[in-house]
Amino acid sequence: MQGGSKYDEKLLQNYVPLYVMLPLGVVTADNVFEGGEKLEKQLKDLRAAGIDGVMVDVWWGIIEAKGPKQYDWSAYRSLFELVNKCDLKIQAIMSFHQCGGNVGDVVYIPIPQWVRDIGETDPDIFYTNRSGNRNEEYLSLGVDHQPLFGGRTAIEMYSDYMKSFRENMADFLEAGQIIDIEVGCGAAGELRYPSYPETQGWVFPGIGEFQCYDKYLKAEFKEAAKNAGHPEWESPDDAGTYNDKPDSTEFFKQNGTYLTEKGKFFLTWYSNKLLMHGDDILDEANKAFVGCKVKLAAKVSGLHWWYKHHSHAAELTAGYYNLEDRDGYRPAARILSRHHAIMNFTCLEMRDSEQSAEAKSGPQELVQQVLSGAWREKIEVAGENALSRYDAEAYNQILLNVRPNGVNKCGPPKLRMFGVTYLRLYDELFEEKNFNLFKTFVRKMHADQDYCPDPSKYGHEIGPLERSNPPIPNDDIIDATTPMKPFPWNKQTDMPVDGAGQFGLLGGLINRIKSIFFK
-19 MQGGSKYDEK LLQNYVPLYV MLPLGVVTAD NVFEGGEKLE KQLKDLRAAG IDGVMVDVWW
41 GIIEAKGPKQ YDWSAYRSLF ELVNKCDLKI QAIMSFHQCG GNVGDVVYIP IPQWVRDIGE
101 TDPDIFYTNR SGNRNEEYLS LGVDHQPLFG GRTAIEMYSD YMKSFRENMA DFLEAGQIID
161 IEVGCGAAGE LRYPSYPETQ GWVFPGIGEF QCYDKYLKAE FKEAAKNAGH PEWESPDDAG
221 TYNDKPDSTE FFKQNGTYLT EKGKFFLTWY SNKLLMHGDD ILDEANKAFV GCKVKLAAKV
281 SGLHWWYKHH SHAAELTAGY YNLEDRDGYR PAARILSRHH AIMNFTCLEM RDSEQSAEAK
341 SGPQELVQQV LSGAWREKIE VAGENALSRY DAEAYNQILL NVRPNGVNKC GPPKLRMFGV
401 TYLRLYDELF EEKNFNLFKT FVRKMHADQD YCPDPSKYGH EIGPLERSNP PIPNDDIIDA
461 TTPMKPFPWN KQTDMPVDGA GQFGLLGGLI NRIKSIFFK
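Read in order, the letters of the sequence shown correspond to residues -19 to 499 in our numbering.
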């Protein structure tokens, strides 16, 4: 018994903590935390509902806005103090990308102006598609090791930022209030290329475009092709445009370029560059936070459209070289394992039946593949919903993925996610009907147990972060591309928010009737 709470010790081993993502503009683009009574009340209401903590973007474009190494953490310290006052833990995202231009972005926070100024004279610091369109959302991984930023490389800028965060947030780290550092590795904070930017006209379910046509990445590919004995090879010119379908392109169509020696070489190079980018940033993150009682994490994007097409086109353009005979996600999990990092995956709430048939989406199979691969690599997996949802179907799908084989009443379940972050804190969440169901969702995440403030009680004790293991040989990365059958998933959760799982068809019918009359 703790603080008036009672636990079934065995059921508690099934507990999965739930965090809520704070609003994108909780600290303004001008580096002001307006806070206020409204946010405090919302945080206290969430705490009363049983959530374990919050996640928040810590924007590079806000903190280092005034100039190189001129960091101003004061607004975020005020925010963290309020979160701590409300007895909530903090997951902090090192957000090296622009806010604005992605699904759900409602504010605009660019990367620092002094970095963008360098792009005025050298626009190739930004990701570039074949048409020459630049994307200022995130620096191209082609400049990871180019000292173009006042003598610093991109990786060095990210490293200095994370070291400054550790120094300036030392009291929160030492007190165990900051428990998780998610390291931004690309657009939307995800380890991917910005292959489907709405700012350039992409709409769902377009295949997206490869983003390797800045001069730095073009030179790297030419060098790689030359070393492979094919100096004549160029990056693809037959992969279509953002809103094409796979079969309308030479690259992704049946027996298309992606299956040729040249296509395979390009896709291997393109995906490996992304993996090495994540590896380099996570190595710096590990150096910055080694010894702190925190978990490192990196986010992998849930590109579920065209998953059921032979080409997996949308995944390929984003840098995930995933096909029926090649696993594009287990190599990322293996890289994360070197740094003792968690994989954070999206689209946990989505079901195949909710997607349009033309998109050949497979969110359920994708989640099953990615989570299974990560667990086989012996790393922890966390997750998020991709879009805001307040309905039982979404919550039940998340609960299924959280414990794919259900609750074990005798101890730890066979499979269990490390945590879930719910997107996002909007006023709509606090509407009575929505919030009542959300509270039930929190309870089910916790396996019908009360909020537990001590993670060691459910097997989540966080020790000091250890230094990264040695670099993984390339042959071992290639070995991780071998497909493996995913773990089996139950058809539905045994802890539904609406009872549907317990009563089968009858429960589903009752739920549909409720949804009609109580909208």
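Note that beta-carbon positions come from the ideal geometry of N, C-alpha and C, so glycine has one too. The model shown is predicted, which means the values in this text are computed figures rather than measured ones.
Q.
Tell me whether the stretch 89 to 98 and the stretch 109 to 120 touch, counting them as touching only if at least three CB pairs, one residue from each stretch, are closer than 8 Å.
A. Enough Cβ pairs lie closer than 8 Å, so yes.
Q: Compute the distance between the beta-carbons of Arg146 and Val270, then report whether it is under 7 Å.
A: Taking a C-beta distance under 7 Å as the contact criterion, Arg146 and Val270 do not qualify as a contact pair.
Q: Decide if Ile261 is buried, meaning its Cβ has at least 16 other Cβ atoms within 10 Å, or exposed.
A: With 16 or more Cβ atoms within 10 Å of its Cβ, Ile261 is classed as buried.
Q. From Val414 to Asn(-6), what does the alpha carbon distance come to, in whole angstroms?
A. Residue identity check: residue 414 is Asn in the sequence provided, not Val. Cα to Cα, Asn414 sits roughly 25 Å from Asn(-6).
Q) Mapping DSSP to helix, strand and coil, what is Glu230? A) Coil at Glu230, not helix or strand.
Q: Take every Cβ of the stretch 196 to 216, pair it with every Cβ of the stretch 247 to 259, and state whether three or more of those distances are shorter than 8 Å.
A: Result yes; three or more Cβ-Cβ pairs closer than 8 Å.
Q) Are the beta-carbon atoms belonging to Leu403 and Met1 less than 7 Å from one another? A) Cβ atoms of Leu403 and Met1: closer than 7 Å.
(Q) According to DSSP, simplified to helix, strand and coil, what is Trp39? (A) Assigned with DSSP and collapsed to three states, Trp39 falls in strand.
Q: Return the CA-CA distance between Pro3 and Tyr406, expressed in angstroms with no decimal places.
A: Approximately 7 Å between the Cα atoms of the pair.
Q: List the residues that DSSP assigns as beta-bridge partners of Cys327.
A: DSSP lists no bridge partner for Cys327.
Q. So is Lys(-14) buried or exposed if we call it buried at 16+ other beta carbons inside 10 Å?
A. Exposed.
Q.
So, with DSSP's three-state summary, where would you put Lys279?
A. Correct three-state label for Lys279: strand.
(Q) Let me check one thing: in DSSP terms, what residues is Gly33 bridge-paired to? (A) For Gly33, which the question treats as bridged, DSSP gives the partners Tyr(-1), Lys69.
Q.
Which residues does DSSP list as the beta-bridge partners of Tyr107?
A. Per DSSP, Asn115.
Q) In three-state terms, what does DSSP make of Ser(-8)? A) For the sequence presented, residue -8 should be read as Leu rather than Ser. In the structure shown, Leu(-8) adopts helical secondary structure according to DSSP, grouped into three states.
Q: Compute the distance between the beta-carbons of Met425 and Val(-4), then report whether it is under 7 Å.
A: Cβ atoms of Met425 and Val(-4): closer than 7 Å.
**Q.** Through-space distance from Gly363 to Leu445, alpha-carbon basis
**A.** Their Cα atoms are separated by approximately 21 Å.
Q) For Phe13, which three-state DSSP category applies? A) It is a strand residue.
Q.
Quick check: the Cα distance between Gly16 and Val63, rounded to an integer number of angstroms?
A. Rounded to the nearest angstrom, the two C-alpha atoms are 12 Å apart.
Q | Simplified DSSP assignment, three categories, for Thr401 | A | Secondary structure at Thr401: strand, using DSSP grouped into helix, strand and coil.
Q | Straight-line gap, Leu351 to Leu316 (C-alpha atoms, nearest Å) | A | Taking the CA atoms as reference points, Leu351 sits about 13 Å from Leu316.
Q. In terms of residue numbering, what span does the beta strand (DSSP E) encompassing Ile161 cover?
A. From DSSP, the beta strand (DSSP E) with Ile161 extends over 158 to 163.
**Q.** Expected contact under 8 Å - CB spacing of Pro216 and Asn115 to nearest Å
**A.** Going by Cβ atoms, the distance from Pro216 to Asn115 rounds to 18 Å, so no, they are not a contact pair.
Q) If you run the structure through DSSP and keep just helix, strand and coil, what is Ile91? A) Of the three classes helix, strand and coil, the one that applies to Ile91 here is coil, per DSSP.
Q | For Lys288 and Ser341, believed in contact at Cβ under 8 Å, the rounded distance | A | With a Cβ gap of about 7 Å, Ser341 and Lys288 count as contacting.
Q | Whether Gly558 touches Tyr141 by CB criterion (7 Å) | A | Residue 558 lies beyond the stretch modelled for the chain, which goes from -19 to 499, so this question has no answer here.
Q | Contact check, Gly80 vs Tyr173, beta carbons under 7 Å | A | No, the pair does not count as a contact, with Cβ atoms beyond the cut-off.
Q: Thinking Gly258 and Ala204 are a contact (beta carbons under 8 Å), I'd like their distance in whole angstroms, please.
A: About 19 Å separates the Cβ atoms of Gly258 and Ala204, ruling out a contact at the 8 Å cut-off.
Q) Do the stretch 71 to 78 and the stretch 32 to 42 meet, that is, are 3 or more Cβ pairs less than 8 Å apart? A) Short answer: they touch.
Q: Report all residues from its chain with a CB closer than 6 Å to the CB of Glu373; omit the five preceding and five following residues, and keep chain order.
A: Cβ contact annotation for Glu373 (same chain, cutoff 6 Å, sequence separation greater than five): none.
Q | Proximal residues to Lys(-10) (C-beta, below 7 Å), its chain only, five neighbours per side dropped | A | When the five nearest sequence neighbours on each side are left out, the beta carbons in the same chain lying within less than 7 Å of the beta carbon of Lys(-10) are those of Lys389, Cys390, Gly391, in order along the chain.
Q) Measuring CB to CB, does Thr401 end up less than 7 Å from Tyr(-1)? A) Result yes, Cβ atoms of Thr401 and Tyr(-1) sit closer than 7 Å.
Q. Nearest-angstrom Cα distance between Thr420 and Thr473?
A. When rounded, the distance between both Cα atoms is 14 Å.
(Q) Considering only DSSP beta bridges, list what Gly363 is partnered with. (A) DSSP, once it has assigned bridges, lists Phe325, Val400 as partnering Gly363.
Q | Whole-angstrom distance between Lys143 and Ala268, CA atom to CA atom | A | Per the coordinates, the alpha-carbon of Ala268 lies some 5 Å from the alpha-carbon of Lys143.
Q) Should Leu247 go down as buried or exposed, given a rule of 16 or more other Cβ atoms within 10 Å for buried? A) Its Cβ being crowded by 16 or more others within 10 Å, Leu247 is buried.
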